[in-house]
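I have placed the structure first, in the form of structure tokens, so that the comments after it can refer back to it.
Number of protein chains: 2
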Amino acid sequence: MDAERRPPVMADVARVAGVSHQTVSRVLNGHPNVRPATRAKVLAAIERLGYRRNQVARALATRDSRTLGVISFDTTLYGPASTLHGIERAARAVGYFVSIVSLRTIDRDGVREAIDHLAEQGVAGVVVVAPQRSAASALEDLPPGMPAVAVEGAHTGPVSTVCVDQVAGARLATEHLLALGHETVWHVRGPSDWLEAEGRVAGWRAALIDAGRPVPEPLEGDWSPRSGYAAGKRLAELAGKVGAVFVANDQMALGVLRALTEAGVRVPEEMSVVGFDDVPESEFFSPPLTTVRQDFGAVGRHSLDVLMRQIAERDTTRHERIVVPPALVPRASTAPPAGGPYTGPPDSLST
Amino acid sequence: MDAERRPPVMADVARVAGVSHQTVSRVLNGHPNVRPATRAKVLAAIERLGYRRNQVARALATRDSRTLGVISFDTTLYGPASTLHGIERAARAVGYFVSIVSLRTIDRDGVREAIDHLAEQGVAGVVVVAPQRSAASALEDLPPGMPAVAVEGAHTGPVSTVCVDQVAGARLATEHLLALGHETVWHVRGPSDWLEAEGRVAGWRAALIDAGRPVPEPLEGDWSPRSGYAAGKRLAELAGKVGAVFVANDQMALGVLRALTEAGVRVPEEMSVVGFDDVPESEFFSPPLTTVRQDFGAVGRHSLDVLMRQIAERDTTRHERIVVPPALVPRASTAPPAGGPYTGPPDSLST
DNA sequence: CAGACGACTGTGAGCGTTAACATCACAGTT
DNA sequence: AACTGTGATGTTAACGCTCACAGTCGTCTG
Chain A
1 MDAERRPPVM
11 ADVARVAGVS
21 HQTVSRVLNG
31 HPNVRPATRA
41 KVLAAIERLG
51 YRRNQVARAL
61 ATRDSRTLGV
71 ISFDTTLYGP
81 ASTLHGIERA
91 ARAVGYFVSI
101 VSLRTIDRDG
111 VREAIDHLAE
121 QGVAGVVVVA
131 PQRSAASALE
141 DLPPGMPAVA
151 VEGAHTGPVS
161 TVCVDQVAGA
171 RLATEHLLAL
181 GHETVWHVRG
191 PSDWLEAEGR
201 VAGWRAALID
211 AGRPVPEPLE
221 GDWSPRSGYA
231 AGKRLAELAG
241 KVGAVFVAND
251 QMALGVLRAL
261 TEAGVRVPEE
271 MSVVGFDDVP
281 ESEFFSPPLT
291 TVRQDFGAVG
301 RHSLDVLMRQ
311 IAERDTTRHE
321 RIVVPPALVP
331 RASTAPPAGG
341 PYTGPPDSLS
351 T
Chain B
352 MDAERRPPVM
362 ADVARVAGVS
372 HQTVSRVLNG
382 HPNVRPATRA
392 KVLAAIERLG
402 YRRNQVARAL
412 ATRDSRTLGV
422 ISFDTTLYGP
432 ASTLHGIERA
442 ARAVGYFVSI
452 VSLRTIDRDG
462 VREAIDHLAE
472 QGVAGVVVVA
482 PQRSAASALE
492 DLPPGMPAVA
502 VEGAHTGPVS
512 TVCVDQVAGA
522 RLATEHLLAL
532 GHETVWHVRG
542 PSDWLEAEGR
552 VAGWRAALID
562 AGRPVPEPLE
572 GDWSPRSGYA
582 AGKRLAELAG
592 KVGAVFVAND
602 QMALGVLRAL
612 TEAGVRVPEE
622 MSVVGFDDVP
632 ESEFFSPPLT
642 TVRQDFGAVG
652 RHSLDVLMRQ
662 IAERDTTRHE
672 RIVVPPALVP
682 RASTAPPAGG
692 PYTGPPDSLS
702 T
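Structure, rendered in structure tokens:
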């Protein structure tokens, strides 16, 4: 019949159904004023031809692609992957597609290029999962009028943000250890260009200062178990001095645990360890890890809400800030110190 | 000036540059026959107006959206997340976008609906990360002529597939344990509707049968650390009888390790454990886990290659099958059995 | 019973791009 | 000097859809 073998278009359906293409369009869009009999004819023709609407043409005509862009760094990490998942699910629930771009390096140029790419593609808005300072700053040159939301981004700047309260989470972890009777809490921090790492340091420090406790120098880590392992080695050397550590994420905490085990330092008897994230594995670490849960699904859903609101109201000037509270998940890696609870600074040198 | 404030279009650029819109198009597409001076004028106009090409219109005119669809199940899991990452990277390298759809349940209807969705959106092809049997079967009703590739899918059926050789991986794990001198190897398997789980069972069983060893009943798991923990409890009860276990993924292996530790069964002295996946954490488990590495990045890249080939050749009838070899990563969770190596079935009851 | 109104359907013009073809200037041939 | 070819550009028509508007009915009202 037709040598071209092109997929059927609206006009084909219209011809078969004996109506105009506009009527087909109305049926497809659920427009009310279509006679049931006509609707049935159209539907039958659609079925018979295996017609599928061309969303690209629709997007061109309506200027609405019903597609969202997500820019992310490493979607292999648990946090970003879960957030992405939450966004995708929420987006599909409201009929939006999700186009992803993941960046190898998250510098300003990379983010800008990704945004350009997405803007050309006609996305209705973008979610930038921007945990690094450099990425957050790249948001300053978004195309004007483009709905956008930053996840885990900086509080400042001209965009709405959704994030977990890192400071509060770190406080939770630190105060938990203090409440168990530890004199102070050491910290294995994340890389300094990550906002989350900074927030956790800030919360940890604030909790110690509020309690009038000494603030040890934080140990450097890069989120990887390997860096946690290295930090754990250092901690083990200081075993007599260190009774409690707050590690900035669960992966590093795993490394710390491993290093302590190797060095023969028992957890939690000799040292208490708290992580951050509550990855599915952490309940089964040795020992099961006390950690701070971040609800990434909620972050994803909220960021979509914010974006949808901006799109619906055509207002990209008002900036919201949504903070998702974290929660402490106590498990077996924390306990009171071996030598009994800390009772305050010694008044004199003698007992 | 203009109240509408619409983004500039090609015609605007053309007017400013004093050329026709077609010339602008030619400049944008790198067409050779444009005078350098003209090109410069056009480029200047583009710069001045901040013009960005509308890819939706381009897609409509060329019938090429330069977008790929990826259908996946749970992108939170390490494997799918890494594969997705690999695909996205490879796609962007060749100028393609990636639209993702993740499914809550991976039944046939769900997959079909996702494909429909993507087909309407005009994707040039789809990658289905279909580790479950039900998903693989859903590929049978793809739109004809749609380039597609199944990742971790069934060998059969009318599509190209890319996967890691599960059978070989399981063999590697099992033979490693046998070579250490264990009489036989137990197995904690994955859920039965997952093709990967089946492949691993098959490889494990084949290795045992080839060696003429008894094949114990596999223990059931669902990939989660929790199910591994439950299986580990059972294993601990059988500690005298069980000297070596091959666990179908690292997460479950973590649970097994935890259960064994709790029960006082030492690994690897009393029991050897092998996992599968080589997640970044497994090197830091207690003890560091011997496991089988799957190169998910390679899987992602290969699936994109296959898809690009189909698109380029306009041939969706020839089906390739690419198998990525796994590799054993020996670490500290495996060792020879306590009682010395197995030397074959006893000839008599006495020594 | 004319007019108005509402329900339903059709027509034509975009949306912003690329493809195909037409045009034009200018150089090199004969 | 007319002819041809080629490089550079412009013109027009798709691409497949929606939007705005213009019908065409039939029914209800005064």
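Chains as they are written, first to last, in the numbering used here: chain A, 1 to 351; chain B, 352 to 702. Note that beta-carbon positions come from the ideal geometry of N, C-alpha and C, so glycine has one too.
Tell me which residue opens and which closes the beta strand (DSSP E) that A/F357 is part of.
Because residue 357 of chain A is not part of the residues shown, which for chain A are 1 to 351, the question remains open.
Pull the bridge partners of A/H187 from the DSSP assignment, please.
In DSSP, A/H187 forms a bridge with A/F246.
Tell me, please, which residues DSSP counts as bridged to B/Q483.
Paired residue(s): B/W545.
Proximal chain B residues relative to A/D305, where beta-carbon distance stays under 8 Å:
Under the 8 Å cutoff, chain B gives no residues; its nearest Cβ is about 19 Å from A/D305.
Could you give the DSSP three-state label for B/R404: helix, strand or coil?
In the three-state reduction of the DSSP assignment, B/R404 falls in the coil class, being assigned neither a helical nor a strand state.
Inter-residue spacing [alpha-carbon to alpha-carbon] between A/G232 and A/V123
Rounded to whole angstroms, the separation of the alpha carbons of A/V123 and A/G232 is 45 Å.
Residues bridged to B/S623 [DSSP beta-bridge criterion]:
B/S623 pairs with B/A595.
Return the residues of the stretch 445-460 of chain B that lie within a Cβ-Cβ distance of less than 9 Å from chain A, sorted by chain order.
Hits within the stretch, in order: F448, V449, S450, I451, V452, S453, R455.
Whole runs of the alpha helix (DSSP H) within the stretch 629-690 of chain B, excluding any shorter than 4 residues:
Secondary structure in the stretch 629-690 of chain B: the alpha helix (DSSP H) runs of 4 residues or longer, each lying completely within the stretch, are 647-664 in chain order.
Mind listing the chain B neighbours of A/T76? Cutoff is C-beta to C-beta under 7 Å, in chain order.
Under a criterion of Cβ atoms nearer than 7 Å, the residues of chain B adjacent to A/T76 are, in order, A432, S433, H436.
How about B/P576: is its C-beta nearer than 7 Å to some C-beta of chain A?
Chain A contact via Cβ: present.
In chain order, what residues of the same chain have a beta carbon less than 7 Å from the beta carbon of A/R226, not counting five sequence neighbours either side?
Scanning its chain for C-beta atoms nearer than 7 Å, with the 5 sequence neighbours on each side dropped, one finds around A/R226 the residues G255, in chain order.
Determine, using beta-carbon pairs with one atom in the stretch 167-186 of chain A and one in the stretch 137-146 of chain A, whether at least three such pairs fall under 8 Å.
Flag = no, the stretch 167-186 of chain A and the stretch 137-146 of chain A do not touch.
Going along chain B in order, which residues have a C-beta closer than 8 Å to the C-beta of A/E120?
Going along chain B in sequence order, the residues near A/E120 (Cβ under 8 Å) are R403, R404, N405, Q406.
Can you give me the C-alpha to C-alpha distance between B/E526 and B/E534, rounded to a whole angstrom?
Roughly 11 Å between the two C-alpha positions.
Per DSSP, A/F97 forms a beta bridge with which residues?
BP columns for A/F97 point to A/T67.
With distances taken from CA atoms, which of A/S224, A/A248, A/L142, A/R133 is nearest A/G203?
Per the Cα distances, A/A248.
How do the stretch 129-139 of chain A and the stretch 60-69 of chain A stand: do at least 3 beta-carbon pairs fall below 8 Å, yes or no?
The stretch 129-139 of chain A and the stretch 60-69 of chain A do not touch, with fewer than 3 CB-CB distances between them shorter than 8 Å.
Could you name the residues that DSSP lists as bridge partners for A/T161?
Partner(s): A/A150, A/R321.
Would B/A354 be called buried (16 or more neighbouring beta carbons within 10 Å of its own) or exposed?
The predicted model places B/A354 with a pLDDT of 43, which falls under 50 and marks its position as unreliable, so this point remains unresolved.
If we count the other Cβ atoms within 10 Å of its Cβ and call it buried at 16 or more, is B/S701 buried or exposed?
Low local confidence applies: a pLDDT of 48 at B/S701 is under 50, so the model's placement there is unreliable, with the coordinate-based value given in what follows. It counts as exposed.
Closer than 6 Å: is that where the CB of B/V393 sits relative to any heavy atom of the ligand MG?
No copy of the ligand MG occurs in the structure displayed, which carries no ligand at all.
Those residues which DSSP pairs with B/S423 across a bridge
Within the DSSP bridge table, the entry for B/S423 names B/S453 as partners.
Thinking C-alpha only, which one of B/G430, B/V385, B/D544 is nearest B/D573?
Checking every option, the nearest Cα to that of B/D573 belongs to B/D544.
Integer-rounded CB distance, given that A/V299 should sit under 8 Å from A/V324
Contact flag correct, Cβ pair sits at about 6 Å.
B/R377 versus B/V393 - alpha carbon distance
The straight-line gap from Cα to Cα measures roughly 10 Å.
Do A/V98 and B/I451 come within 7 Å of each other at the CB atom, strictly closer than that value?
The criterion of a C-beta distance shorter than 7 Å is satisfied by B/I451 and A/V98.
Would you mind telling me which residues of chain B sit closer than 7 Å to A/A353, beta carbon to beta carbon, in chain order?
Here chain A covers residues 1 to 351 and nothing more, so residue 353 of chain A does not appear.
Does any C-beta atom of chain A lie closer than 7 Å to the C-beta of B/R682?
No, because no Cβ of chain A sits closer than 7 Å to the Cβ of B/R682.
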